[in-house]
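Participant:
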Amino acid sequence: MSDLTGSDGTRRRRRRSDAERSVAAILDAAGRILSQNPHASLEDVANAAGLTRQTVYAHFPTRGALIGTLTDRATSRVTAALKAADLDKSPAGEALLRLVQISWEVFDTEPFLLTTASQPTDPDHEQRRHQPVFDMLEKLVSRGQRDGDFDPDLPATWIISATTALGHATGEEVRAGRMTSTQAATLLRHALERLFTTPNSHAARRGRTA
């Protein structure tokens, strides 16, 4: 009986490992093909992944489910990178620019986000998906206003909303082909620095880089 149980356990682990490899292959292929064609079908993804259509449907019954999982993976990578950056150790003004830079870099590694940005999404799920980043931003803004890096007369909620809106507007410029990703990232950093930070923090930053 123990041998039989052990064999069953080995088979289950093998099936689980095979499934994980299939999901990874599907997501990687979807990221590539959606970057080129935002209207690609699940069959297109299956062909790109070298898998059968049935295999793709077994893991992702709808195209929306696939895009949602792909976006969740990208968001998790950004959140992990932000935590690893340890933004609390930098002045708030510098930390904000670093947060924006790390968040923007995801578009270079996951360009499908720009091509699928205009497609319908569930607002509640979008809020939950981005909540960890919003929480970091809220904490950073609060610290920046307390320490004098950000204008204390500006409502903190407005700073957060404006930062998010500027990020979306900049992404739209790239998606429309009016800017490169590098140009957009530089413009976004400059805009945020001028919009929220105080003259004293500008001078301090110039002194550190002189």
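FYI, in the numbering used here the residues of the sequence shown are 20 to 229.
Yeah, the Cβ is synthetic: ideal placement off N, Cα and C, and Gly gets one too.
Glu129: which of Glu145, Gly190, Leu211 and Thr74 sits nearest, CA to CA?
Facilitator: Among Glu145, Gly190, Leu211 and Thr74, the Cα nearest to that of Glu129 is on Gly190.
Participant: Using alpha carbons as the reference points, say which of Tyr76, Leu206, Arg30 and Thr183 lies closest to Val42.
Facilitator: Checked all of Tyr76, Leu206, Arg30 and Thr183; the closest Cα to Val42 is Tyr76.
Participant: Quick one, which of Ile86, Ala195, Arg162 and Ile178 has its alpha-carbon nearest Glu145's?
Facilitator: Considering only alpha carbons, the answer is Ile86.
Participant: What does DSSP give as the partner residue(s) for Thr216 in the beta ladder?
Facilitator: BP columns for Thr216 point to Phe169.
Participant: In whole angstroms, what is the alpha-carbon distance linking Ala229 and Pro57?
Facilitator: Reliability of the predicted coordinates at Ala229 is poor, the pLDDT of 47 falling under 50, and the value obtained from them is presented with this limitation in mind. Their backbone Cα atoms lie some 44 Å apart in a straight line.
Participant: Closest to Trp123 by C-alpha separation, out of Ile52, Thr94 and Arg31, would be which residue?
Facilitator: Minimum Cα distance to Trp123 is reached at Thr94.
Participant: Can you round the beta-carbon distance between Ala99 and Leu106 to whole angstroms, since I take them to be within the 8 Å contact cut?
Facilitator: Not confirmed; about 13 Å, so no contact.
Participant: Using the rule of at least 16 other Cβ atoms within 10 Å of the residue's Cβ for burial, across every protein chain shown, is Gly303 buried or exposed?
Facilitator: Residue 303 lies beyond the range of the chain shown here (20 to 229); nothing can be said about it.
Participant: Considering Cα atoms alone, identify which of Leu214, Leu133, Leu173 and Asp168 is closest to Ala195.
Facilitator: Looking at the Cα atoms, Leu133 is the closest of the given residues.
Participant: To which residues of the same chain is Thr135 closer than 7 Å at the C-beta, ignoring the five residues directly before and after it?
Facilitator: Answer for Thr135: Leu53, Pro57 and Ile86, listed in chain order.
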